[in-house]
Each structure stands twice: as structure tokens, then as C-alpha cells.
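Mapping of the sequence shown onto numbering that gives the first Met the number 0: position 196 corresponds to residue 195, and the numbering continues sequentially without gaps. Yeah, the Cβ is synthetic: ideal placement off N, Cα and C, and Gly gets one too. All of these numbers come straight from a predicted model, not from anything done at the bench. First up is the structure itself, then whatever we jot down about it.
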Amino acid sequence: MREAQRALETPLFSGLPGDIEVSFEFFPPKTEKMGETLWESVATLAPLGPRFVSVTYGAGGSTRERTHEQVVRIQNEAGIPAAAHLTCVAATREEVDAVARHYWEEGIRHIVALRGDAPDGDSAYRPHPGGYENAVDLIEGLRKIGDFEISVAAYPEVHPDSADRQADLDNLKAKFDAGATRAITQFFFEPECFFDFRDRAAAAGIAGEIVPGIMPVMSFAAVQRMSGLCGTAIPHWMEGLFEGLDDRPEARQLVSATIAAELCRRLYAGGVRQFHFYTLNRAELSYAICHMLGLRPKA
């Protein structure tokens, strides 16, 4: 009710001091043109002083070399702490360890440690016979290689492969117990989803940092597909807001930025000060949301 009263009395986002910390996620480009777009996005977001930016890792290690190339380039040329995604899929322990050691030698000190999804064509995840079984196993292996900062995934609405909410929380706690630094959540669209998850995590004895993952909607159809894969609920009101905007990209961006910024504002009102943005290699939406939250370019 206090938040509602404040919203009525002052313009939305009025007076926010910019005391948030942000991070951004990119994916490795497949073409030269996509590479140009990625670097334009990095250049746009770098002045906001992100804690780190991460680069994803394709199913089955399909983008391993491109991920490595972009992570090292971002850290060396953009001067931003870079984090490399690393998964257990389709690789032996020795192969995964070799990748991690290579990152360490290149000066990369942050790994996003994930179990990973099943490769294309497989209906379910299966550990490699000689590989790490899951994210907990991977974290323990990374800790033997170097003193990495390690981010992991969290699922406010339960991982699709988890038996139930409690099993999912038990797995997250095991990641922190194994040495994870923080958890970054899968994207969601209702603030209560995150607040409920944060409360349940605290009740389960999880004291580590949990950062909400924010997905500005570039395409509603694409978000529907991704939500179906990761178990994210789409509020009934969202489809109506994007209806009729398929051929109006500028208007769609305005609607998307408004929805995501309002989600972040409500999270901020609930005490959240760290945000992780899934950029899909596009900077403007994330930049606009950060701006509305009071964040300005660093000198």
C-alpha cells in the first residue's frame, strides 16, 4: 500500500537515486553482421558500469569457441569484467576442465556454471558418461581449478526437470554449499513471483545473493516459445498488450520497455538493488530501463 500511495503522489520512477547494480547477458554472434550488433550493444551499455557481462554457451558446447572469443574480447577491449557460461553437456570432465583452465590463463575469473540443456534431438538431459553430472558437480570441479567467481541459475517457477519446488530449492542450496557466489534467476514477469521465491529460499537456509533476471520482450511469439521451454508463466494481460504490434517494432519496443521497467520498479520497491538483463544482443531496451531506474553513465 505504501508503494501504491507513492505511485499516486509522484510521477513513476521519480527521484530514484540510481543506486542499483546491473549485469548484462549476450549470446555469441553467428555472423559478421550479428557481431557488429553485439559490439554496438556492448559499447552502449559499458558506460553504465555493469558489474559484469556474460556470454552464453550453446547446447552441447556448440558455441564453445565463439563464446570464448567474445568473453576474452569483452574483457580485454571493452574493459568490463566478463563471465563465461560453461555447461556439463556432451563433454568429459577433462574437456570441461581444459576450457576452465584456458579461461583462467586468459584472465577470466568469472564462470556461469550450468548443467545445460539437452542437445538438439535429445528429449531429455543425460550426463556424459565421463562428464560432470550436474551444476553442483561442475562447481566442485571449478573450485579445484581456481578461485573463480561462480554464478548459477535459479528458477522462481521451478526448473522443468525438478520434481517439485522443494527439490528445486534443495538443488539451489547445494549449489551455494558447493561454492556458488550468486544465483541469477530465469526470467519472470510478475514481481510477486520473485518475492515469493526469495522468501522460500531464505526459509530454506539460502543466504547467498539471488539476482532477478529481466527479459525485455523483443518478440512476444519468441517469449512464448522460451517460456514454454523453461516453465515461465506468461500473465494473461501480456498478450493483449502486444496484440497488433507484430509489424510495428518501434511501438512494440515502447510497450516492452514500459512493462519491464515497471517490473523493475516494483522489484526495487521490494528492496532489490541488483538486476541482470537478458539483452538478446540488443542494448536500447536495457539501457532505457536502467535510465528509468536512475542509473546514469559513469564518468
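Boundaries of the beta strand (DSSP E) around His-109: 109-113. About 3 Å separates the beta carbons of Met-214 and Phe-186, which is inside the 8 Å limit, making them a contact pair. Non-local beta-carbon contacts of Ala-256 in its own chain, meaning distances under 7 Å to residues more than five positions away in sequence, involve Pro-215, Leu-284, Ala-287, Ile-288 in chain order. Residue environment: Thr-91 is assigned as exposed (fewer than 16 neighbouring CB atoms within 10 Å of its CB, all protein chains considered). Check the Cα spacing between Arg-281 and each of Val-41, Arg-1, Gly-14, Val-271: the tightest is with Val-41.
Looking at the DSSP output, Ser-150 shares a beta bridge with Val-111, Arg-181.
Between Ser-22 and Pro-46 the beta-carbon gap is near 15 Å, outside 8 Å, which marks them as no contact. Taking 9 Å as the cut-off, the Cβ atoms of Ile-205 and Leu-171 count as close.
A Cβ-Cβ distance of about 7 Å is found for the pair Gly-230 and His-158, placing them in contact under the 8 Å criterion.
Looking from the CA of Thr-184, the closest CA among Gln-223, Trp-236, Asp-167, Gly-178 belongs to Asp-167. When only Cα atoms are considered, Gly-293 and Glu-94 end up about 43 Å apart.
DSSP places Tyr-267 within a helical segment (H, G or I) once states are collapsed to three. Counted as a single uninterrupted DSSP element, the alpha helix (DSSP H) harbouring Glu-94 occupies residues 92-104.
Collapsing the DSSP output to three states places Leu-85 in a strand. Under DSSP, the beta-bridge partners assigned to Gln-273 are Glu-20.
Beta-bridge annotation (DSSP): Glu-208 is paired with Arg-181.
Contact between the segment 220-227 and the segment 255-274 is absent: fewer than 3 CB-CB pairs across the two stretches fall below 8 Å. The bridge partners DSSP lists for Val-54 are Phe-25, Ala-83.
In this chain, the alpha helix (DSSP H) harbouring Ser-285 covers 283-291. For Leu-141, the enclosing alpha helix (DSSP H) starts and ends at 134-144. Within 10 angstroms of the beta-carbon of Thr-30 lie fewer than 16 other beta-carbons, which makes it exposed.
Of the residues Asp-160, Gly-140, Glu-105, Ala-89, the one whose Cα lies closest to the Cα of Ala-82 is Glu-105. Rounded to the nearest angstrom, the gap between the Cα atoms of Lys-32 and Phe-25 is 15 Å. The C-beta distance from Thr-43 to Thr-55 rounds to 19 Å, too long to fall under 8 Å, and the pair is not in contact. Ile-213 sits in a strand when the DSSP states are folded into three classes.
Judged by DSSP in its simplified three-state form, Lys-32 adopts helix.
In this structure, Arg-125 lies near Ala-117, with their beta-carbon atoms less than 9 Å apart.
A distance below 7 Å between beta-carbons, with the five flanking residues on each side excluded, links Leu-141 to the following residues of its chain, in chain order: Ala-99, Ile-110, Ala-112, Phe-147, Ile-149.
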